[in-house]
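In UniProt numbering, the protein residues as written are 1 to 308.
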């Protein structure tokens with residue numbers, strides 16, 4: 001993911017990963033401090049506060065300061081309600097939120113004991129500063145778990161989250177399972193990992209049938225070398241175009257389309273727009289960066305859904 005600020009209604013210009021001015025020591029200290037959750041993080045905003053937050057998000061969009069802003073605290077506070085809303089919209093979806101290792105342990109055990117064939121997770125594990133999506137699928141008698149990382153594992157917070165998930169899985173007495181960490185490299189702005197992960201989790205449910213080959217190859221152990229992650233380039237051939245709807249960089253969009261001939265002509269939304277058309281429409285130049293504003297618009301839409 002990318003960070004967010006501790007102010008409840010607006011954002012502060014602190015990015016999620018290591019900034020150019022931030023030393024490794026400072027980053028580690030910040031991550032350690034961020035890992036200590038406070039009770040306030042778990043308190044959902046009131047309807048009045050939520051409206052104030054939404055107004056702030058819209059102001060950030062208008063001024064362009066969203067790109068380097070830090071929305072972590074509000075995303076964490078609102079995420080439980082967003083997950084509940086998603087499950088309400090899609091009654092057959094089994095989306096679970098895990099903000100700590102204990103949450104993930106309980107959620108996985110509950111999923112396995114329920115006997116469901118498919119489930120999705122939005123995972124944080126207490127770092128506060130980073131989210132990822134995870135897909136659970138039963139393939140014959142084996143469990144397949146795929147972590148989808150919206151950035152890359154060169155991002156220290158993403159790598160840390162992947163390691164913590166793997167360590168948590170290893171401590172559980174799970175039935176036979178295969179776990180793969182896969183990077184998508186579609187997030188380029190500083191604070192959208194939570195929104196990316198929520199959107200990806202929904203698509204993992206909606207596109208479940210199109211992910212069969214990914215999970216089959218995962219349990220076969222052929223996705224990537226042992227103790228390594230699945231690169232974005234190799235992942236592209238497995239995923240449907242809807243999971244790339246909010247891609248922020250032109251290079252990554254072109255890489256995906258090149259790996260999937262014909263995808264450039266397929267509609268990606270109800271308006272009939274292709275990935276490229278939608279990308280160009282959401283392209284903005286902010287502070288010498290040219291990226292898609294789509295995920296921040298998605299955040300605003302998701303927050304507004306809680307007021308309806």
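The beta-carbon is built from N, C-alpha and C at its ideal position, and this holds for glycine as well.
Note that the coordinates shown come from a computational prediction; the quantities given were computed from them, not determined experimentally.
Nearest to residue 117 by alpha-carbon distance, out of 133, 138, 125 and 129, is 138.
Contact between residue 201 and residue 107 does not hold, since the beta-carbon distance rounds to 12 Å and is not under 8 Å. When DSSP states are grouped into helix, strand and coil, residue 271 belongs to the coil group. Under the three-state reduction of DSSP, residue 303 is assigned to helix.
Unbroken alpha helix (DSSP H) stretches of 4 residues or longer found wholly inside the segment 62 to 149: 72 to 89 and 101 to 114, given in chain order.
Residue pairing by DSSP puts residue 181 in a beta bridge opposite 147. Separation of residue 72 and residue 243 (C-alpha to C-alpha, rounded to the nearest whole angstrom) is 22 Å.
Between residue 230 and residue 168, the C-beta spacing is not below 7 Å. For a cut-off of 8 Å, the C-beta gap from residue 64 to residue 302 is around 21 Å, too long to register as a contact.
Collapsing the DSSP output to three states places residue 289 in a strand. Just so you know, the alpha carbons of residue 274 and residue 215 end up roughly 27 Å apart. Between the beta-carbon of residue 192 and that of residue 295 there is about 4 Å, and that keeps the pair under the 8 Å contact cut. Nearest to residue 237 by alpha-carbon distance, out of 228, 227, 95 and 223, is 223.
Note that the C-beta distance between residue 149 and residue 183 is below 7 Å.
According to the DSSP assignment, residue 163 belongs to the alpha helix (DSSP H) that extends over 156 to 171. For residue 197, the number of other beta carbons within 10 angstroms of its own is at least 16, and it is reported as buried.
DSSP, reduced to helix, strand and coil, places residue 284 within a strand of the structure shown. In this chain, the alpha helix (DSSP H) harbouring residue 196 covers 193 to 206. When DSSP states are grouped into helix, strand and coil, residue 239 belongs to the coil group. Ranked by Cα distance from residue 241, the options 142, 276, 226 and 194 are led by 276. Within the DSSP bridge table, the entry for residue 230 names 182 as partners. Contact check for residue 253 against residue 279 passes: the beta carbons are separated by less than 7 Å.
Contact between residue 185 and residue 157 does not hold, since the beta-carbon distance rounds to 15 Å and is not under 8 Å. A straight line joining the alpha-carbon of residue 82 with that of residue 298 spans about 12 Å.
Secondary structure note for residue 215: its alpha helix (DSSP H) is the uninterrupted segment 212 to 220. In its chain, beyond the 5 residues on either side, 132, 147, 149, 153, 181 and 229 have a beta carbon closer than 8 Å to the beta carbon of residue 162. Linking residue 123 to residue 99 through their CA atoms gives a straight-line distance of about 6 Å.
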